[in-house]
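Take any residue in the sequence shown, note its place counting from 1, add 12, and you have its number in my numbering.
Below is one structure, written out as structure tokens, with a few remarks after it.
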Amino acid sequence: MFTKCPSCRTEISFEPPSNAPAGYKHRIKCPNPACGVTISVALPSKQAAAPVTATGAPIAAPATTPEAYVPQDAALEATKSSGKVKYKGRARSFMMLLFSLIFVALNVVSYLISTGKMSGIAAIGLVASGTSFVPFNGIPLFIAIIKDFATVKALFVGDFMVFNLIVFVLPAALLLFAGILTLSNLIGFIAGKYGKTGNVIFSLFTFIFAAGIMFQGFIVAILMKAPIDFAAYFQNLLNNSLISIIAAGVGLLFFIFAIIFAAKKKKAKEPKIA
């Protein structure tokens, strides 16, 4: 006799017991090593009498398809299985979306402070002590590129080129990468997917630019070959720009979470039950 495994569809040949009683169900284990499901096959009754034609010749009994029995757990899994990969990245995308939104919001708040619309919260450390300089304000560079690109080009020539690169490009680059991550993870959250490689690479750059903003003055001093005391510089950050240190720390966490999420393996594809 022959039957098919309901799980992997392997055709199984078997010999039923010759003295099987009526209603006996023969138990068979699937020979497929990747399956191994135990099924029960209901054998056709030998007691059934074959109908007789008018000539007295018995009519052959119709072929009976063995009834396959699948254990409850296996049947439940077969019902749920659709042949698709169970890989949900919505939670990870949402987590990375929150991180990226922090840096986007930081740029927006810095821009509003620089324009005088939120001057009341300048004390949180977004304005350098004794100046009107806002370190995380990357929005003006994009506005200038759109409105007057020639002026932007002039910033990056001459003696102040290095200073302008550090002051204007670092926050603008931070905003650009954080914005890309915000958009991509928002799409990933909606679609239930998570982009591993993109989040690792872009979060790394986000951390680098956030740390660069924290050390803007230190980097400029080094490039200009001016003497600087690192301990005094760090103490000044603690006193007047604590938000810069916090932002760099958040950027580091951002990158670490991206690595952890990327290390999580995708679940194996389940077999599709026909």
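We put the beta carbon where it would ideally sit given N, CA and C, even for glycine.
Which residues DSSP lists as bridging residue i, in chain order
{"i": "threonine 50", "result": "Lys41"}
{"i": "phenylalanine 14", "result": "Ser25"}
Cβ neighbours of residue i in the same chain (closer than 7 Å, five flanking residues each side left out)
{"i": "glycine 200", "result": "Gly101, Ser105, Tyr206, Gly207"}
{"i": "aspartate 241", "result": "none"}
{"i": "leucine 216", "result": "Phe267"}
{"i": "lysine 168", "result": "At residue 168 the sequence reads phenylalanine, which differs from the lysine that was named. Here the set comprises Asn176, Leu177."}
For residue j and residue i, believed in contact at Cβ under 8 Å, the rounded distance
{"i": "leucine 186", "j": "glycine 150", "result": "6 Å"}
{"i": "alanine 259", "j": "alanine 222", "result": "5 Å"}
{"i": "phenylalanine 219", "j": "phenylalanine 267", "result": "4 Å"}
{"i": "proline 183", "j": "isoleucine 225", "result": "6 Å"}
{"i": "serine 25", "j": "lysine 37", "result": "That belief does not hold up - the Cβ atoms of serine 25 and lysine 37 are roughly 17 Å apart, past 8 Å."}
{"i": "glutamate 27", "j": "phenylalanine 14", "result": "Not confirmed; about 11 Å, so no contact."}
Proximity to residue i [Cα-Cα], best of the options
{"i": "leucine 118", "options": "Phe161, Ala270, Lys276, Val262", "result": "Val262"}
{"i": "glycine 210", "options": "Ile192, Ala203, Met107", "result": "Ile192"}
{"i": "phenylalanine 269", "options": "Ile213, Thr22, Met236, Lys165", "result": "Ile213"}
{"i": "proline 29", "options": "Thr22, Glu23, Arg39", "result": "Arg39"}
{"i": "glycine 204", "options": "Asn44, Phe14, Ala103", "result": "Ala103"}
Same chain, Cβ closer than 6 Å to residue i, five either side skipped, listed in chain order
{"i": "alanine 32", "result": "Leu55"}
{"i": "leucine 235", "result": "Val174"}
Residues near residue i by beta carbon distance below 8 Å, same chain, minus five either side
{"i": "isoleucine 257", "result": "Met226, Leu249, Leu250"}
Counting pairs of Cβ atoms below 8 Å between the region 171–179 and the region 225–235, do you hit three or more? In this structure the region 171–179 lies against the region 225–235, because at least three pairs of beta carbons, one per stretch, are closer than 8 Å.
Below 8 Å, can you find three or more Cβ-Cβ pairs linking the region 187–197 to the region 103–117? Segments in contact, yes.
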